[in-house]
Amino acid sequence: MIQDWKTLYEVKGPKSLMEMTAVELEETLKETQTVILSFGAVENHGVHLPMGADYFQANVLIRRVHECLAELGRKSVPGLAIPFGTQTNKFERDKLLGNVYLNEKTFIEMAEDIILSLHETGFERFVLILNHSENQAALNVVAKDLANRHNIKSVVCDWVAPHNDFWPTVLKNAEHQGHGGEDETACCMAAVPDLVKNKDVEGWYPEEDTKPVKMSGLYYYGGSVGVFMPTKEDKSPGYVGDPADATAEEGILCYDAYAKWIAAVADKYLFDM
Ligand SMILES: [Zn+2]
């Protein structure tokens with residue numbers, strides 16, 4: 004059926020920038036100069052999630068943040084879910100088949116160009132979200148350089164650490180769920196149910212930490228350390244946690260919590276001047 008491709012795209016939430024006409028954008032810009040961007044990755048997510056998992060989640064999150072900002076009386080545009088990000092952290096896992104990644108410097112150039120061109124269009128405030136934790140360092144460089152060199156107002160929101168105490172309240176597993184685990188699988192089920200194959204996927208957790216050191220976790224998960232090379236053999240199947248326990252309902256609760264936190268941060272830092 005040659006016309007089947009037409010069913011691939013359907014907009015159900017508020018329109019993103021990608022989906023607006025120039026006239027719609029022009030009208031929107033009269034009401035708000037705030038845009039929401041999220042940076043994902045094309046990345047191996049194990050046996051049960053698509054390569055575009057981070058992108059598909061970003062595509063939902065920018066719209067949900069837009070709604071949560073509206074509840075705070077702040078108008079915004081769900082901007083872009085950017086599919087390209089930096090490489091997987093090889094300290095965590097070395098299942099890299101399928102990864103399409105940018106070097107840190109290329110990512111910085113890309114993100115700066117995207118933000119500067121949106122600034123030329125008329126946007127003044129940028130809510131920058133991570134849908135791939137490994138983008139955090141580069142995205143902070145981008146935000147700081149753009150502030151210093153172009154006076155551009157932005158905030159980088161890493162929503163992972165603030166939800167470490169939230170996940171056990173909505174997930175079945177209290178143990179930490181990592182890349183591709185119960186929460187991420189749940190978010191993908193809510194966004195793109197037909198692309199998730201989590202049934203009967205076996206749970207996997209790393210061995211217990213034999214050398215506990217204060218705050219020695221990765222900085223983008225709430226620790227204080229950057230480590231990027233493998234320090235022991237990677238035995239993970241490409242995910243951490245129990246993907247089979249995930250449900251779309253849990254995913255919706257997760258998006259709500261992340262979006263509320265991001266909107267509160269944006270409201271705190273971007274609007275009062
Ligand atoms: Zn992911």
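Residues in the sequence shown are numbered consecutively from 4, following my numbering. The beta-carbon is built from N, C-alpha and C at its ideal position, and this holds for glycine as well. These numbers were taken from a predicted model, which means no experiment stands behind them.
(request) Kindly indicate which three-state DSSP category I85 falls into: helix, strand or coil? (result) strand
(message) In the DSSP output, what is W207 paired with across the bridge?
(response) G244
(message) Please report the straight-line C-alpha distance between L99 and F169, rounded to a whole angstrom.
(response) 29 Å
(message) According to DSSP, is K271 part of a helix, a strand, or is it coil?
(response) helix
(request) Reducing DSSP to helix, strand and coil, say where R128 ends up. (result) strand
(request) Note down the Cα distance separating H182 from E115, rounded to an integer number of angstroms. (result) 27 Å
(request) Evaluate D245 with the Cβ neighbour count: other Cβ atoms within 10 Å of its Cβ, from every protein chain shown; 16 or more gives buried, anything less gives exposed. (result) buried
(message) So for L174, helix, strand or coil by DSSP?
(response) coil
(request) Please work out which residues of its chain come closer than 6 Å, Cβ to Cβ, to Q90, disregarding the five sequence neighbours upstream and downstream, and give them in chain order. (result) Y104
(message) Is A177 near ligand 1 - that is, is its Cβ less than 7 Å away from at least one heavy atom of it?
(response) no
(request) Using three-state DSSP, classify S219 as helix, strand or coil. (result) coil
(request) Report yes if the CB atom of G225 is closer than 8 Å to the CB atom of A164, and no otherwise. (result) yes
(request) State yes or no: is the C-beta of H135 nearer than 7 Å to some heavy atom of ligand 1? (result) yes
(request) Pull up the distance between the alpha-carbon of V145 and that of T188, whole angstroms please. (result) 29 Å
(request) Compare the beta carbon distance of H51 and K175 with 8 Å and say whether it is the shorter of the two. (result) no
(message) So for I39, helix, strand or coil by DSSP?
(response) strand
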